[in-house]
Amino acid sequence: MKKRIGLLYGGKSAEHEVSLITATAVTKAIDFDKYEVIPIYITIDGEWCRGPQLTKPAESIEELQFTKKESKPNYILEFILDENQEQAKFDVIFPLLHGTYGEDGTVQGLLELLNLPYVGNGVLSSSAGMDKVVMKQLFSIAGLNQVPFVYFIRYEWDQNKEALLSKCERELTYPMFVKPANLGSSVGISKASNREELEKSINIAFKYDRKVVVEQGIEAREIEMAVLGHNEPKVSVAGEIKPTTEFYDYESKYKDGSTKLIIPAEITKEVEEKMKDMAIRAFKVLDCSGLVRADFFVCGDEVFINEVNTMPGFTPVSMYPLLWQNSGLNYSELIDQLIELALERHKEKQQLQFNRE
1 MKKRIGLLYG GKSAEHEVSL ITATAVTKAI DFDKYEVIPI YITIDGEWCR
51 GPQLTKPAES IEELQFTKKE SKPNYILEFI LDENQEQAKF DVIFPLLHGT
101 YGEDGTVQGL LELLNLPYVG NGVLSSSAGM DKVVMKQLFS IAGLNQVPFV
151 YFIRYEWDQN KEALLSKCER ELTYPMFVKP ANLGSSVGIS KASNREELEK
201 SINIAFKYDR KVVVEQGIEA REIEMAVLGH NEPKVSVAGE IKPTTEFYDY
251 ESKYKDGSTK LIIPAEITKE VEEKMKDMAI RAFKVLDCSG LVRADFFVCG
301 DEVFINEVNT MPGFTPVSMY PLLWQNSGLN YSELIDQLIE LALERHKEKQ
351 QLQFNRE
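Under the UniProt record's numbering, the residue at position 52 of the sequence shown is numbered 52, and the numbers go up by one with no gaps.
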């Protein structure tokens, strides 16, 4: 019997479009002989819309965008909660939501309350992985090597702008990279080579989040690894990113296709082993499950962990599926494994529930 998969995408995030690209790609890879695929689209305004069952891949992004009027008239939660409706029953929810209200633990918390199996990381790992400051602090506890950083919130910036600029210049050196603490896909990230650019970059980052991270820029190779699993995670080959722009920004990731991905990366066995060890340790310290992409800076034989992404892109040009493809696991098989891992974790959780007297 086919498993019924709820494909959840869109969302109230600056990465709404990225989610649509990812969802379109997944429909082209998922095995329709194994799964009934139900699209669940969250509009940019936060409206949940359930579309008719997909029987073939989506040919365009537009095909996956619809409104409540074009979908079933009921609110999506009514489908999930009403056990008398046959169409209500999902075997697994497959979230393909990037950024805030998607990979930050909010949707994961909803699915936990509904006691539904879902692909990917849980509430804690999603929220900790989304907040770059919390993530970096946990990495520090785990003894993972990182570049120096400074962080602060909007209120502190409004009250003490000059003092914070001085702190950045005291603790870091130019160039610096400025990032919103809670966002992905390089949205809102910019490089600063002097104080004027630093102030401008910080103001840009605050358009996306109330917390900002300023990181030390270094001359390094950008190399990534994919992690897959639950209790016994495994690691893919390494892949190197060589952007034609100054850094791997949103345009080079999703729009112009100019970035060169070298898989497997040309690294020594020593560096590869360091990366594998750090990737697994990062996965475990955040209590991750399902999928994680670990991003590193490599300077000679020295390895710095930059961050992990708990919902990496699944687009045709995304690193995560390409890393597994080059490790012997194709796109369709990767989706199968993620669904099985979701069911495994859910089964494990059910065994921990309190028994009622």
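Just so you know, even glycine gets a beta-carbon here, dropped at the ideal spot from N, CA and C.
Backbone secondary structure at residue i - three-state DSSP
i	result
D336	helix
S267	For the sequence presented, residue 267 should be read as Ile rather than Ser. Coil, per DSSP.
G11	coil
Y151	strand
F90	coil
K349	helix
A279	helix
Y331	helix
D295	strand
N74	Summary for N74: the model assigns pLDDT 49, below 50, so the residue's position carries little reliability; its value from the coordinates is reported in the next sentence. In this structure, N74 counts as coil in the three-state DSSP scheme.
S236	strand
E272	helix
E103	coil
E156	helix
L341	helix
V187	coil
G229	strand
K242	strand
Y35	strand
K3	strand
Proximal residues to residue i (C-beta, below 6 Å), its chain only, five neighbours per side dropped
i	result
I5	Y35, V37, V92, F94
K12	G46, Y101
G313	T22
P180	G188, A205, Y208, D209
I42	G10, G11, W48
V285	L138, A142
I223	A238, E240, A265, F296, V298
L341	H230, G290
K260	K242
Y174	S193
F177	K191, E215, G217
T315	I21, T22, A25
Limits of the unbroken alpha helix (DSSP H) element including residue i
i	result
S190	Note, S190: premise wrong, no alpha helix (DSSP H); beta strand (DSSP E) at 190-192.
L139	Leu is not the amino acid found at residue 139; the sequence shown has Phe there. Taken as a continuous stretch (DSSP letters only), the alpha helix (DSSP H) holding F139 covers 132-141.
P321	319-325
A205	195-205
A220	Here A220 belongs to no alpha helix (DSSP H), and DSSP marks it neither H nor E.
L113	106-113
I21	16-27
Residue i versus residue j: straight-line alpha-carbon distance, rounded
i	j	result
L110	G51	20 Å
N330	V18	21 Å
E232	L343	15 Å
I61	A29	15 Å
L124	P117	16 Å
V298	A238	12 Å
Q351	N115	13 Å
P243	S201	20 Å
V214	K2	48 Å
L334	P321	8 Å
E302	L54	47 Å
M278	N194	32 Å
E15	V212	18 Å
N306	V134	13 Å
D31	N203	45 Å
S166	K132	22 Å
C168	T67	46 Å
Residue range of the beta strand (DSSP E) that includes residue i
i	result
E169	Looking at the DSSP string, E169 is not in any beta strand (DSSP E); the run it does join, the alpha helix (DSSP H), is 161-171.
E215	211-216
V119	No beta strand (DSSP E) holds V119; DSSP gives it neither H nor E.
P180	176-180
E302	302-309
K260	260-262
Sequence-distant residues of the same chain with beta carbon closer than 8 Å to residue i, five excluded per side
i	result
K276	M225, V235
Q337	L228, L329
According to DSSP, residues forming a beta bridge with residue i
i	result
W48	I42
F66	F66 is not bridged to any residue.
C288	Beta-bridge pairing links C288 to no other residue.
N145	Paired residue(s): none; N145 is not in a bridge.
G129	G129 is not bridged to any residue.
P95	L8
K56	Answer is none; K56 lacks a bridge partner.
Cutoff 7 Å; reference residue i; Cβ partners in own chain excluding five residues on either side
i	result
L164	F152, E156, W157
R154	F206, R210
Short CB-CB distance (under 8 Å) between residue i and chain C
i	result
L352	No chain C appears in this structure, which consists of one protein chain only.
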